[in-house]
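Remarks on the structure that follows.
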Amino acid sequence: MTREWFVMGVDLGSTTAKAVVVDQDGALRGADVVQMGAVSPAAVARAIAGALAAAGVPDDRIGRTISTGYGRKLVPGADRSFTEITCHARGAAALRPGVRLVIDIGGQDSKAILVDEDGLVDRFAMNDRCASGTGRFFDVLARALEVDIAAVGELALSGSGDLEVSSMCATFAETEVISLLAQGRSKADVAASVHRAVAARTLGLVAQVGRASPVVMTGGVAKNPAARHFVARALDRPLEFLDRPQIAGAYGAGLLARDEYLGQAGSPVDRDAVADEQAAAWASTGNRDCLDCNGVLEHPLPPGATALPIELSRHKG
Ligand code: ADP
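End of the sequence shown = 318 in the numbering used here, gap-free, step of one.
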């Protein structure tokens with residue numbers, strides 16, 4: 002009898018480290034999410050140990066590990082890395098078969114990923130240069146409202162989102178939130194209005210790749226019920242709920258590790274190299290220092306920046 006084997010997917014993001022153990026059938030066997038102060042190899046080691054413990058699998062049974070996320074090159078023991086775009090698409094397509102649009106909102110960036118009928122990346126657009134429309138924006142809101150990030154969504158759902166929120170910059174938004182509260186606006190109304198405004202930014206991102214259904218949200222912000230509600234309303238279509246959206250990227254990495262372990266990944270094109278090239282091109286298209294923004298963004302992305310279509314090899318897993 003052959004011994005059962007496992008693989009691992011690790012997503013080292015900007016605020017959290019996520020690790021999952023996937024079995025030989027592609028099923029998720031254990032996962033862990035560790036909150037970080039800053040990108041940290043120690044936190045990722047804790048997430049890896051936590052996922053192994055949750056799965057009840059010793060680390061010598063892990064046949065292959067693939068990393069993803071902002072800090073993917075820092076993951077100890079990773080055999081290979083792929084971008085979050087590839088991994089979120091793969092994870093979302095496994096968690097919700099048939100998905101066509103993935104909206105991934107993490108701690109410091111947001112992405113709209115169009116997925117084809119085979120669950121492969123077709124096009125994507127990303128905002129990684131402005132905190133507006135990212136988890137950080139909600140973190141700033143929660144801090145200004147003095148509520149826990151896990152409670153800010155419920156609070157927003159109890160308010161009305163019709164206040165004008167002019168500042169879409171995280172730096173200025175805190176001041177604006179405090180000023181609205183000082184004018185006697187309720188925390189719930191302020192929270193709802195900020196969520197509505199952020200959803201409009203997400204719509205701008207989606208407009209660059211095109212709308213498609215079914216839609217799912219991945220990343221930590223997908224745990225926020227008001228973020229899901231206002232994004233669905235802005236899109237004018239329902240969002241399908243994923244149980245554990247924050248580990249979608251790590252799960253996608255785990256499934257890619259399984260493909261490779263099984264020898265199914267024989268693609269002539271190194272998909273990560275393609276995506277990295279796109280990301281490098283993207284990084285050189287403008288400033289990251291808010292120099293041309295007074296806190297009121299009229300463009301969904303910096304002027305001149307366009308969606309980055311990415312043609313990936315036709316990879317079946
Ligand atoms: P990254 O991969 O960049 O580290 P994540 O995908 O883990 O980011 O998302 C982090 C963001 O998710 C945080 O900035 C926060 O806004 C949001 N978030 C995390 N946990 C919760 C929660 N329980 N409820 C609502 N939002 C959450």
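Where is the CB? At the ideal position from N, CA and C, for every residue including glycine.
{"Query": "Any chain B beta carbon closer than 8 Å to A223", "Result": "In summary, chain B is missing from the structure at hand, where a single protein chain is found."}
{"Query": "Straight-line gap, I86 to I114 (C-alpha atoms, nearest Å)", "Result": "7 Å"}
{"Query": "Exposed unless 16 or more other CB atoms sit within 10 angstroms - verdict on V11", "Result": "buried"}
{"Query": "Contained beta strand (DSSP E) runs [length at least 3] in the region 179-252, N- to C-terminal order", "Result": "216-219"}
{"Query": "Exposure label - D237; buried when at least 16 CB within 10 Å", "Result": "exposed"}
{"Query": "Counted within 10 angstroms of its Cβ, other Cβ atoms place A43 as buried (16 or more) or exposed", "Result": "exposed"}
{"Query": "Whole-angstrom C-beta distance between A228 and H196, which should lie under 8 Å", "Result": "6 Å"}
{"Query": "First through last residue of the alpha helix (DSSP H) which encompasses A157", "Result": "150-158"}
{"Query": "Pairwise C-alpha distance: V122 and F231", "Result": "25 Å"}
{"Query": "Beta-carbon separation (whole angstroms), L13 vs V76, contact threshold 8 Å", "Result": "5 Å"}
{"Query": "Residue interval of the beta strand (DSSP E) (run including A32)", "Result": "29-36"}
{"Query": "Given 8 Å, three or more beta-carbon pairs between the region 172-189 and the region 252-267", "Result": "no"}
{"Query": "Check: K74 C-beta below 7 Å from any heavy atom of ligand 1", "Result": "no"}
{"Query": "Alpha-carbon spacing of R62 relative to R101, whole angstroms", "Result": "34 Å"}
{"Query": "Closest by C-alpha distance to S168, when choosing among V153, A254, L142, S161", "Result": "L142"}
{"Query": "Where P246 falls, given that 16 or more other Cβ within 10 Å makes a residue buried", "Result": "buried"}
{"Query": "Whether V153 touches F138 by CB criterion (8 Å)", "Result": "no"}
{"Query": "Three-way DSSP call (helix, strand, coil) for D129 in this model", "Result": "coil"}
{"Query": "CA-to-CA distance, Y71 to G287, given in whole angstroms", "Result": "No answer about G287 holds up, because its pLDDT of 47 lies below 50 and its placement is not dependable."}
{"Query": "Residues that T176 bridges to, as DSSP identifies them", "Result": "BP columns for T176 are empty, so no partner."}
{"Query": "Cβ-heavy atom distance, I104 to ligand 1, below 7 Å", "Result": "no"}
{"Query": "Distance CB(G160)-CB(T135) smaller than 8 Å", "Result": "no"}
{"Query": "Start-to-end residues for the beta strand (DSSP E) that takes in A20", "Result": "17-24"}
{"Query": "Range covered by the alpha helix (DSSP H) that runs through D140", "Result": "136-146"}
{"Query": "Run of the beta strand (DSSP E) containing G64, from where it starts to where it stops", "Result": "63-69"}
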